[in-house]
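Undergrad:
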Amino acid sequence: MSKQHFLWKAVDINGKVRRGIWADTGLYEVQRRLRKAGYFPVWIRSIAPIENALFPAGRNFKWSSFARRLATLLEAGIPILQALEMMSSNERSSFDQDQLMILKNQVESGTDLSEALAHLNPSPNSFILSMIKAGEYTGNLGKVLSEIADELDLELEYQRKIRATLAYPALLFTAIILVLYALSVWILPMYEKLFLSVGVSELPFLTRVIFAGSQKLPLLLGGCLSLVSVSLLVVKFSSSNQWRIHLENLLGRAPLIGKVYHLRDLVQFSRMLSRLLTAGIPLLEALRLTAGTLRSPKMLALISNLILNVRQGKRMAPMLSASGIFPKEGAEMIGIAEEAGQLDLMMHYVTKIFRRDLEEQLEGLMRMIGPLLTIILAGLIGIIAGGVMLPIFDLSSQLQ
417 MSKQHFLWKA VDINGKVRRG IWADTGLYEV QRRLRKAGYF PVWIRSIAPI
467 ENALFPAGRN FKWSSFARRL ATLLEAGIPI LQALEMMSSN ERSSFDQDQL
517 MILKNQVESG TDLSEALAHL NPSPNSFILS MIKAGEYTGN LGKVLSEIAD
567 ELDLELEYQR KIRATLAYPA LLFTAIILVL YALSVWILPM YEKLFLSVGV
617 SELPFLTRVI FAGSQKLPLL LGGCLSLVSV SLLVVKFSSS NQWRIHLENL
667 LGRAPLIGKV YHLRDLVQFS RMLSRLLTAG IPLLEALRLT AGTLRSPKML
717 ALISNLILNV RQGKRMAPML SASGIFPKEG AEMIGIAEEA GQLDLMMHYV
767 TKIFRRDLEE QLEGLMRMIG PLLTIILAGL IGIIAGGVML PIFDLSSQLQ
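Per my numbering: the sequence shown = residues 417 to 816.
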């Protein structure tokens, strides 16, 4: 079995705290090694591969592929044990082969597929496990696995769209930083020495500001880069998700992309709830599972209130309408669906509306940010060029 990397914290017999990173086949093996070395483990956490750390959507793609292949085999009439064995034999990765064989052996011993998946490392999220459990209870495992694959593919598609939308502005912003750095390190010092060598007594105010800024800019950029690097390392190796949540909340309050993150949360909420209700999961349990897929504090607070209301026998629509987070039109549609007993179908329709709004917002953001950053870049270069040219004009007038 291939090895994983584990970050651990332990205490030795003298009470000193020790930390390290070990490669081993599993969590229990790391615990055994620590105790054998005379350490008492405090916590042990597996470190995701670098591609998963930078692109978490890769994990969704893995489970989407698993669900799609297993659904195809089951719907073709192949028994689940034979299907898992076939999938294992076709895997290129030895780690994935071992995982599938472990899964097959547990199912063969009488364990439910959902329970066997929960014991894997890494295991699927609660949404996938709950959907599979619902499919096992209703006898529609193949259909439910197809729905899981569709859901994960849609989530992956929207993550790609958001990244693609932000990629061009990020590239322009990087270009602005590089241009300013190049000007402050090579170009502006050369002109400053030139003006001093020809005996310019007093530089214009704008020129003095530009030269003073160019001297401090490399240090400022270095400090910002160090701060960002440290923040990313803290986010990566933090034992909780609080830093990631704070980062997403900060982006959610940004003037231009905050609306995108809000619509993304609405799409995720309505889409997850629609899928879970369609799979036959009761509303109260579906709300709990949906809460586990969200990170926005506002959405989590809203779902907590919804759970309390539903537990008391109340309807969701009044709470959604009064929240100020959920669009009132959507809340009215959900209210009609609750009265008609068609909540799963209406949530599916509401999801389509939110998706369309999200796509329009992404397109509008792309049209706005690109030209705006281009104008900023051109303006900065124009100001710097003007500040450098002013002493040249003054010098030429003095020579005349």
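The C-beta atom is built at its ideal place from N, Cα and C for all residues, glycine as well.
Return the CA-CA distance between His535 and Met688, expressed in angstroms with no decimal places.
TA: 23 Å
Undergrad: Cutting at 7 Å between CB atoms, please list the residues of its own chain near Leu675, excluding the five before and the five after it.
TA: According to the sequence provided, residue 675 is Lys. The question's Leu does not apply to it. So the qualifying residues of the chain are Gln777.
Undergrad: Between the C-alpha atoms of Val427 and Trp438, what's the straight-line distance to the nearest angstrom?
TA: 16 Å
Undergrad: What does Ala580 pair with, by DSSP beta-bridge criteria?
TA: Ala580 pairs with nothing; no bridge assigned.
Undergrad: CA-CA distance, Ala586 and Gly639?
TA: Here the alpha carbon of Ala586 sits roughly 19 Å from the alpha carbon of Gly639.
Undergrad: Report yes if the C-beta distance between Arg691 and Glu567 is below 7 Å; otherwise report no.
TA: yes
Undergrad: Is the beta carbon of Ser562 sitting closer than 7 Å to the one on Leu705?
TA: Contact flag unset, no.
Undergrad: I'd like the list of long-range same chain contacts for Thr709, defined as Cβ closer than 8 Å, with 5 residues on each side in sequence excluded.
TA: Excluding the 5 residues flanking it on each side, Thr709 has same chain C-beta neighbours closer than 8 Å at Asn541, Ser542, Phe543, Gln684 and Met688, in chain order.
Undergrad: What are the boundary residues of the beta strand (DSSP E) that Val433 is part of?
TA: Val433 to Asp440
Undergrad: What is the rounded straight-line gap between the Cα of Arg727 and the Cα of Ala717?
TA: For Arg727 and Ala717, the gap between their C-alpha atoms comes out near 15 Å.
Undergrad: Kindly indicate the opening and closing residues of the alpha helix (DSSP H) around Glu531.
TA: Leu529 to Ala534
Undergrad: Residues in the same chain with beta-carbon distance under 7 Å from Ala487, minus the five sequence neighbours each way, listed in chain order, please.
TA: Gly558, Leu561, Ser562 and Ala565
Undergrad: Just grab the DSSP bridge partners of Glu426 for me.
TA: Position check: residue 426 holds Ala in this sequence, whereas Glu was assumed. Per DSSP, Arg434 and Pro457.
Undergrad: Leaving out five residues before and five after His764 in sequence, what residues of the same chain have Cβ atoms less than 6 Å from its Cβ?
TA: Ser690
Undergrad: Does the separation of the CB atoms of Met696 and Ala550 fall below 7 Å?
TA: Residue identity check: residue 696 is Gly in the sequence provided, not Met. Taking 7 Å as the Cβ cut-off, Gly696 and Ala550 qualify as a contacting pair.
Undergrad: Of all the alpha helix (DSSP H) runs that stay within the bounds of the segment 732-778, which reach a length of 4 or more residues?
TA: 733-739 and 744-756
Undergrad: Nearest to Leu619 by CA position, among Leu788, Trp424 and Phe809, is which residue?
TA: Phe809
Undergrad: Could you give the distance in angstroms between the alpha-carbon of Gln447 and the alpha-carbon of Pro457?
TA: 7 Å
Undergrad: Would you call the CB atoms of Ser481 and Asp569 closer than 7 Å?
TA: No, they are not a contact pair.
Undergrad: Count the CB pairs spanning the segment 584-603 and the segment 778-797 that are closer than 8 Å, and state whether there are at least three.
TA: yes
Undergrad: Leaving out five residues before and five after Met749 in sequence, what residues of the same chain have Cβ atoms less than 8 Å from its Cβ?
TA: When the five nearest sequence neighbours on each side are left out, the beta carbons in the same chain lying within less than 8 Å of the beta carbon of Met749 are those of Met762, Tyr765 and Val766, in order along the chain.
Undergrad: Mapping DSSP to helix, strand and coil, what is Glu618?
TA: coil
Undergrad: Answer yes or no: do Tyr607 and Val804 have a C-beta to C-beta separation smaller than 7 Å?
TA: Contact annotation: Tyr607 and Val804 have beta-carbon atoms nearer than 7 Å.
Undergrad: Among the residues of its own chain, which have a CB less than 8 Å from the CB of Ala591, if the five just before and after it don't count?
TA: Apart from the 5 residues on each side of it in sequence, Ala591 sits with its Cβ closer than 8 Å to the Cβ of Leu793 in its chain, given in chain order.
Undergrad: Straight-line CA distance for Gln498 to Ile723?
TA: 41 Å
Undergrad: Whole angstroms is fine: what's the gap from Met732's alpha carbon to Ser686's?
TA: Taking the straight line joining both Cα atoms gives about 13 Å.
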